[in-house]
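Peer 1: My structure is below; once you've seen it, I'll send some questions.
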Amino acid sequence: MLNIVIMAAGKGTRMKSELPKALHRLAGRSLLQHVLDTAAALGADRIIVVTGHSAEAVESAVAAPHLEFVRQMPQLGTGHAVRVAAPRLLDGGTTLILNGDVPLIRADTARRLIDASGGDRLALLTVDLPDPTGYGRVVRDGDNVLAIVEEKDATAAQRAIREVYTGMMAAPTAALRRWLGQLTNANAQREYYLTDVVAHAAADRVPVVAAQAASETEVLGVNSPLQLAELERRYQRARADSLMEAGVRLADPARLDVRGELMCGSDVEIDVNCVFEGRVELGDGARISANCVIRNAVIEAGALIRPFTHMDGGDVGIRIGAGAEVGPFARLRPGARLGPEVHIGNFVEVKNSTLGRGAKANHLAYLGDATLGERVNYGAGSITANYDGANKHPTVIGADAHIGSNCVLVAPVTIGEGATIGGGSTITREAPAGQLTLARAKQVSIAKWKRPVKVKQK
Ligand code: UD1
Ligand code: MG
5 MLNIVIMAAG
15 KGTRMKSELP
25 KALHRLAGRS
35 LLQHVLDTAA
45 ALGADRIIVV
55 TGHSAEAVES
65 AVAAPHLEFV
75 RQMPQLGTGH
85 AVRVAAPRLL
95 DGGTTLILNG
105 DVPLIRADTA
115 RRLIDASGGD
125 RLALLTVDLP
135 DPTGYGRVVR
145 DGDNVLAIVE
155 EKDATAAQRA
165 IREVYTGMMA
175 APTAALRRWL
185 GQLTNANAQR
195 EYYLTDVVAH
205 AAADRVPVVA
215 AQAASETEVL
225 GVNSPLQLAE
235 LERRYQRARA
245 DSLMEAGVRL
255 ADPARLDVRG
265 ELMCGSDVEI
275 DVNCVFEGRV
285 ELGDGARISA
295 NCVIRNAVIE
305 AGALIRPFTH
315 MDGGDVGIRI
325 GAGAEVGPFA
335 RLRPGARLGP
345 EVHIGNFVEV
355 KNSTLGRGAK
365 ANHLAYLGDA
375 TLGERVNYGA
385 GSITANYDGA
395 NKHPTVIGAD
405 AHIGSNCVLV
415 APVTIGEGAT
425 IGGGSTITRE
435 APAGQLTLAR
445 AKQVSIAKWK
455 RPVKVKQK
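Take any residue in the sequence shown, note its place counting from 1, add 4, and you have its number in my numbering.
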């Protein structure tokens, strides 16, 4: 039986923000969400989140069927936080306590902590820090942990200890309940310290053991914007390293941001300052140039995305076919589906449109709710007028059609295969296959026309 309690009731004063600390984002997910995702991976029988400050906002941001929330009002310390969760704990087994502001804790580390507790010990997750300032110090007698002393209550000698408590522990549930009942707030901060359970365990002759975290990064807490940014960079560097280990060539691992899942085939190249969000797949040999922002998209083998391209697949996604070329300065929106070898050039916007193999829209164009056959050439400055102010309508363009520059295709409308639309046309009816269609004022020239002459002032 495994209970997990996640403490997230604190205000996060040092964030100096209206947003509760638990909801600040790291790699595109809230701090609390990182911890919840790790907790879910541990297969707990019950996950209880302690909320307090901005409880409603926090609960609605992370709500899920397998979570329970308890509110801690007012917030009287970490021991008090777990105490308000205690009535919800399933009896027997182990309770794991995690911190809502320590986002990068790994599931295998948490599992080691649970194993170290083993049903009859109190296990603390600790780490050695070069600078332990601000953390609770682990006071030991050999292998035995005697106490955790908060910085504000520590003696000078205790402050010199570099092994610190990470805020995470695992305990036998029944014993934990008992110790929580014994906590007092007789300390410098007038708070109920969870860390005081160590002394109660020692008094009960329950062994207190420490499990060491694998890396410092996974136990770092976020208390300020500076710490948040530092942790983000550590996280991103680790993502970059594992991509490179898998063979991805990054121009600069320090200038990459992955805020979700990024799956790469072989020989993928990513230039500097690219941001990947949601779920992005890059096929073999795909190349992403500098300064691209790509969210929820599948980019197939050999495609080239030129600089400053923005793709947002929203809920429906984007697909870029093999060998396609997109950008620079292209904007692809949800439902853009480009076939193989399609070319999309600068200042072209594509939304909910399918382009057949080899179709091209190279300059200053808009395609919305359109279907283009193979090899269509869509001229500079042309747009689909897909919205009549109330509803969206489709545009269908047959294979090998050629749309001249600066055309307006007023949807719903169909352009036949191989049709040519003269530049500057506003097309409101079907344009037949194979023919030239023009819809613009006929050009006239007035031979004897004279320019006005400026009247002289006297
Ligand atoms: C705590 C530990 C300290 C440890 C450090 C690691 C205690 C007494 N001290 O200190 O030994 O080194 O974490 O980061 O536990 N919270 C509540 N309700 C409260 C108070 C806090 O839910 O009444 C939550 C906070 O939202 C936060 C977590 O508990 O997620 C830790 O609280 P925080 O105030 O940051 O504790 P620290 O002072 O950092
Ligand atoms: Mg803290």
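Idealized CB from N, CA, C, for every residue including glycine.
Note that the coordinates shown come from a computational prediction; the quantities given were computed from them, not determined experimentally.
Just to confirm, is the Cβ distance from V417 to T430 under 7 angstroms?
Peer 2: Indexing the sequence shown from 1 puts residue 417 at position 413. Indexing the sequence shown from 1 puts residue 430 at position 426. Result no, Cβ atoms of V417 and T430 do not sit closer than 7 angstroms.
Peer 1: So the alpha helix (DSSP H) P229 belongs to, where does it begin and stop?
Peer 2: Numbered from 1 along the sequence shown, position 225 holds the residue referred to as residue 229. Segment P229 to E249, the alpha helix (DSSP H) holding P229.
Peer 1: Say yes only if the C-beta of T159 is nearer than 6 angstroms to one or more non-hydrogen atoms of ligand 1, and no if none qualify.
Peer 2: Along the sequence shown, read from residue 1 onward, the residue named residue 159 stands at position 155. Every heavy atom of ligand 1 is 6 angstroms or more from the Cβ of T159, so no.
Peer 1: Rounded to whole angstroms, what's the CA-CA distance from A215 to R310? Just pull it up for me.
Peer 2: Reading the sequence shown from its first residue, position 211 is the one you call residue 215. Reading the sequence shown from its first residue, position 306 is the one you call residue 310. In a straight line, the C-alpha of A215 is about 48 angstroms away from that of R310.
Peer 1: Per DSSP, what kind of secondary structure is G83 in: helix, strand or coil?
Peer 2: Counting from one through the sequence shown, the residue named residue 83 turns up at place 79. Note: G83 maps to helix in three-state DSSP.
Peer 1: Could you give the first and the last residue of the continuous beta strand (DSSP E) run that contains D261?
Peer 2: For the purposes of this step, residue 261 is taken as the residue at position 257 of the sequence shown. Counting along the chain, the beta strand (DSSP E) containing D261 begins and ends at L260 to C268.
Peer 1: Under 6 angstroms from any heavy atom of ligand 1, does the C-beta of L46 make it?
Peer 2: The count along the sequence shown starts at 1 and reaches residue 46 at position 42. It does not: the Cβ of L46 is nowhere closer than 6 angstroms to a heavy atom of ligand 1.
Peer 1: With contact counted as at least three CB pairs below 8 angstroms, one residue from each stretch, are the segment 111-129 and the segment 72-80 in contact?
Peer 2: No, the segment 111-129 does not touch the segment 72-80.
Peer 1: Does the segment 89-107 touch the segment 168-177, meaning 3 or more C-beta pairs lie closer than 8 angstroms?
Peer 2: Result yes; three or more Cβ-Cβ pairs closer than 8 angstroms.
Peer 1: For the beta strand (DSSP E) that S121 lies in, which residues bound it at each end?
Peer 2: On the sequence shown, residue 121 is found 117 positions in, with the first residue counted as 1. Careful: S121 lies outside any beta strand (DSSP E), inside the alpha helix (DSSP H) at A111 to S121.
Peer 1: So A89 packs on V54, CB below 8 angstroms; how close in whole Å?
Peer 2: In the sequence shown, the residue the question calls residue 89 occupies position 85. In the sequence shown, the residue the question calls residue 54 occupies position 50. Contact flag correct, Cβ pair sits at about 5 angstroms.
Peer 1: Do V272 and A255 have their C-beta atoms within less than 7 angstroms of each other?
Peer 2: Along the sequence shown, read from residue 1 onward, the residue named residue 272 stands at position 268. Along the sequence shown, read from residue 1 onward, the residue named residue 255 stands at position 251. Against a cut-off of 7 angstroms, the Cβ pair of A255 and V272 comes out as no contact.
Peer 1: Taking Y239 as the reference, give the member of K20, L376, V86 and L35 with the closest Cα.
Peer 2: Your numbering for residue 239 matches position 235 in the sequence shown. Of the listed residues, the one whose Cα sits closest to Y239 is L35.
Peer 1: Among residues of its own chain, excluding the 5 on either side of A384, which ones have a beta-carbon nearer than 8 angstroms to its beta-carbon?
Peer 2: Indexing the sequence shown from 1 puts residue 384 at position 380. The residues are N366, H367, L368, A369, S409 and N410.
Peer 1: From the DSSP secondary-structure annotation, give me the bridge partner or partners of N7.
Peer 2: Within the sequence shown, residue 7 is the residue found at index 3, counting from 1. Looking at the DSSP assignment, N7 forms a beta bridge with R50 and T99.
Peer 1: What is the rounded straight-line gap between the Cα of Q447 and the Cα of G426?
Peer 2: The residue you call residue 447 lines up with position 443 of the sequence shown. The residue you call residue 426 lines up with position 422 of the sequence shown. Using only the alpha carbons, I get a separation of about 13 angstroms.
Peer 1: Once the 5 residues before and after L30 are set aside, which same chain residues still bring their CB inside 7 angstroms of it?
Peer 2: To locate residue 30, count along the sequence shown from 1; it is residue 26. Hits under 7 angstroms: H38, P107, L232, L235, E236 and Y239.
Peer 1: Return yes when the Cβ of I109 is within less than 7 angstroms of the Cβ of M173, no when it is not.
Peer 2: On the sequence shown, residue 173 is found 169 positions in, with the first residue counted as 1. On the sequence shown, residue 109 is found 105 positions in, with the first residue counted as 1. Result no, Cβ atoms of M173 and I109 do not sit closer than 7 angstroms.
Peer 1: Taking 6 angstroms as the cut-off, is the beta-carbon of N103 closer than that to any non-hydrogen atom of ligand 1?
Peer 2: In the sequence shown, residue 103 corresponds to position 99, counting from 1. Answer for N103: yes, Cβ within range of ligand 1.
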